[in-house]
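Each residue of the sequence shown is one higher than the one before, counting from 1 in our numbering. Have a look at the structure below, then the notes.
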Amino acid sequence: MSKNLPEQAFAPLIAPLGFYPVVPDARWVEQLLQWGVRTIQLRCKRADDADLALQVRAAVAAGRAIPGAQVIINDHWRLALTEGAYGVHLGQEDWAALPDPEREALRASGMRLGLSTHTPEELALAHAAQPSYLAIGPVYPTTLKVMPYEPVGLERLAQWAQQAAPYPVVAIGGISLERLPGVLACGVNGVAVVSAVTQAPDPHRAVALALGLFQRLKLGTSESEQ
Numbered sequence: 001m002s003k004n005l006p007e008q009a010f011a012p013l014i015a016p017l018g019f020y021p022v023v024p025d026a027r028w029v030e031q032l033l034q035w036g037v038r039t040i041q042l043r044c045k046r047a048d049d050a051d052l053a054l055q056v057r058a059a060v061a062a063g064r065a066i067p068g069a070q071v072i073i074n075d076h077w078r079l080a081l082t083e084g085a086y087g088v089h090l091g092q093e094d095w096a097a098l099p100d101p102e103r104e105a106l107r108a109s110g111m112r113l114g115l116s117t118h119t120p121e122e123l124a125l126a127h128a129a130q131p132s133y134l135a136i137g138p139v140y141p142t143t144l145k146v147m148p149y150e151p152v153g154l155e156r157l158a159q160w161a162q163q164a165a166p167y168p169v170v171a172i173g174g175i176s177l178e179r180l181p182g183v184l185a186c187g188v189n190g191v192a193v194v195s196a197v198t199q200a201p202d203p204h205r206a207v208a209l210a211l212g213l214f215q216r217l218k219l220g221t222s223e224s225e226q
């Protein structure tokens, strides 16, 4: 653990968040891992209880099979805890509703915790939780779900990413591949996408383009080194 982090902080990430697709089922998780993506969130919203358990189990198993993979489960922290998941991502309301014993159980498990933030007040609350990373968004307008928050925009994203230190930040919300360079220039640790992959005409090509672009922009590689 970094010496700058509080003693009771959640376990740190094992790698930068990087290119971070958010997908609806374990088949997507398995496919993206095969394509070279190493940070993925399973956000399974429409499954019944039995199918949800199967989806979480399959996603966790797929992540365990790939060295360096960071497969994160959205919302369903009890299932994630049961399956020994790498990490869980929660909204502000979900985190606020957890009693202290359950929060401590999550910390003690070694699972990573990501928390969503949409305002300076939420950023401060999430920071106090000592998570593994923070999500900031929506950066741009998104049509995937109704958001009661106005878009953050790039200027505020850069400011809030600095305020989130020492915790890594993933940007999310309305981010297309074309917008990726501008978002990365804000000093974030990762960029989460949904429709840019799951609704792409050719998801494999979209992932290859994104991974290549991210590599060049973050690590300074050139076209000849790809």
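Even for Gly, the Cβ is constructed at its ideal location relative to N, Cα and C.
Under the criterion of beta carbons closer than 8 Å, Val207 and Trp35 qualify as touching, at roughly 5 Å. Nearest neighbour of Ser132 by Cα position, chosen from His76, Ala105 and His89, turns out to be His89. Here Gln55 is buried. Its C-beta has 16 or more other C-beta atoms within 10 Å. Excluding the 5 residues flanking it on each side, Cys186 has same chain C-beta neighbours closer than 8 Å at Leu154, Leu157, Ala158, Ala161 and Ala171, in chain order. Of Pro16, Leu17, Ala11 and Pro21, the smallest CA-CA separation from Val193 is found for Pro21.
Measuring C-alpha to C-alpha distances from Leu123 to each of Arg57, Gly137, Ala59 and Pro181 identifies Gly137 as the nearest. Glu178 has its alpha-carbon roughly 33 Å from the corresponding atom of Phe10. Inclusion of Leu33 and Ala69 in the CB contact set at 8 Å is warranted, their separation being smaller than that value. For Gly114, the enclosing beta strand (DSSP E) starts and ends at Arg112 to Thr117. Between Glu30 and Val60, the CB-CB gap reaches or exceeds 8 Å. Note that the C-beta distance between Met111 and Ala80 is below 8 Å. For Ala58, the uninterrupted alpha helix (DSSP H) run begins and ends at Asp49 to Arg64, by DSSP. Non-local C-beta neighbours of Asp75 in its own chain, meaning closer than 7 Å and more than five positions away in sequence, comprise Leu90 and Asp94, ordered along the chain. According to DSSP, residue pairing for Tyr133 in a beta bridge involves Gly114. For Ala164, the CB contacts under 6 Å within the same chain, skipping 5 residues up- and downstream, are Leu134 in chain order.
Gly91 sits in coil when the DSSP states are folded into three classes, being neither helix nor strand. In the structure shown, Thr39 adopts extended strand secondary structure according to DSSP, grouped into three states. Scanning Tyr140, Ala26, Ala129 and Leu213 for the CA closest to the CA of Ile175 turns up Tyr140. For the pair Ala15 and Trp28, the Cα-to-Cα distance works out to about 21 Å. In the structure shown, the three-state DSSP call for Gly18 is strand.
Taking C-beta atoms as the reference points, Phe19 and Val191 count as a pair closer than 8 Å. Between Leu13 and Pro168, the C-beta gap is smaller than 8 Å, which places the two residues in contact.
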